[in-house]
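Notes follow the structure.
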Amino acid sequence: MTDYAIGDLQGCHAEFVELLERIGFDPVCDRLWLAGDLVNRGPESLACLREVRALGDAALTVLGNHDLHLLAVARGGARLNRKDTLDEILAAPDREALLDWLQSRPLLVRQVFEGQGDTVMAHAGLLPQWSPGEAADLAGEVEERLGSERSGEFLERMYGNEPACWEASLDGIDRLRVIVNVLTRMRFIDAAGCLDFSAKEGLDSAPVGFAPWFRYPRSDDPRLLFGHWAALEGRAEGARVRAEALDTGCVWGGSLVALNLSTGERTGVPSRQRR
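Written out as structure tokens, the structure reads:
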């Protein structure tokens, strides 16, 4: 069995199918790790959702910020943004089945590979102050709320930039919001683990006093798989941890890349999008 990790699809269905063909993916014996943001901004978000859902246990998928945005629009009263490309999903005859499936996805996947230790995948990354086990527990708090009768209330109140700093003493919606922001929106943080939400470009856009989350040391050494940051072009330069950037900006005209988790080999296909 071969495990492959792929970054943000964002509706790039044709490229996804081509990439699976290029790596010779076999859903019977291989497995995909998908770093979230299956949908939005690209032309075929509905096809991406259907394709990944049909893979069943052959695909491990975490929620990204665009996936949560879809759920918030459909079930939390949020509004579509001008650049959203989610209308086809919202009008689909299998809409509710697809949304139920998406809402049941985790925010973090963790597994131990022989000889490699902990491998952790979250859409945006992992706060240096969190161990893999702690992060999995915190992600589980959000997943539990998403699976509860109070999920609509949570999706309605999920968004916001405050609190910007993690504190173990946080509770209620503030606690859940910080967990979501770390796992799905984080890019730059300060030494205390506070998040900045203003800078979204490359590494040279870091605000004063902030740095990419992967440039802060950890007391452990997990392998960290993340997407979310297309401006990195698949490179976590200057990382002080074992971080693997997976988002290569397919929806922005870049490419879609599969990382072989055993060999480290990367296989890519060019984007068909024109920006």
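First residue of the sequence shown? That's 1 in UniProt numbering, and the numbers climb one at a time after it.
Glycine is no exception: its CB is placed at the ideal position from the N, C-alpha and C atoms.
Considering only A124, T61 and P93, the residue with the shortest C-alpha distance to F188 is A124.
Here E244 is bridged, per DSSP, to L225.
The segment 77 to 87 and the segment 38 to 52 touch, with no fewer than 3 CB-CB distances between them shorter than 8 Å. In chain order, A5, I6, G7, D8, A35, L225, F226, G227, G234, V257 and L259 place their CB closer than 8 Å to the CB of L246, counting only its own chain and leaving out the 5 sequence neighbours on each side. Linking R105 to R175 through their CA atoms gives a straight-line distance of about 20 Å.
In this model, L19 and G268 are separated by some 7 Å (Cα to Cα). Excluding sequence positions up to five before and after A14, its CB lies within less than 8 Å of the CB of E44 and R272, all in the same chain and listed in chain order. Under the three-state reduction of DSSP output, V251 falls in the helix class. Counting of Cβ neighbours within 10 angstroms places P132 among the buried residues, the total reaching 16 or more.
Around L70, the same chain offers V39 and L86 as residues with beta carbons nearer than 6 Å, after the five sequence neighbours per side are excluded. The residue from V182, D3 and L49 with its alpha-carbon nearest to that of D67 is L49.
Counting along the chain, V17 sits inside no beta strand (DSSP E); it lies in the alpha helix (DSSP H) bounded by residues H13 to I23. Within the DSSP bridge table, the entry for A59 names L32 as partners.
E237 counts as exposed, since fewer than 16 other C-beta atoms from the protein chains shown sit within 10 angstroms of its C-beta. In the DSSP annotation of this structure, D94 is not part of any alpha helix (DSSP H), being labelled neither H nor E. Per DSSP, reduced to three states, the secondary structure at F188 is strand.
The residues L55 and A58, in chain order, have a CB closer than 6 Å to that of P27 in the same chain once the five nearest residues on each side in sequence are set aside.
Distance check between F113 and each of Q129, L146 and R223 places R223 closest, using alpha-carbon atoms only.
Rounded to the nearest angstrom, the gap between the Cα atoms of D221 and D118 is 8 Å. Counting along the chain, L138 sits inside the alpha helix (DSSP H) bounded by residues P132 to L146.
A residue is called buried when at least 16 other Cβ atoms come within 10 angstroms of its Cβ; D171 does not meet this threshold and is exposed. For F154, the enclosing alpha helix (DSSP H) starts and ends at S151 to R157. Following the DSSP letters along the chain, one finds R82 in no alpha helix (DSSP H), marked with neither H nor E. Taking the Cα positions, R79 is about 28 Å away from F16. Excluding sequence positions up to five before and after L155, its CB lies within less than 6 Å of the CB of L71, A72, R75 and G76, all in the same chain and listed in chain order.
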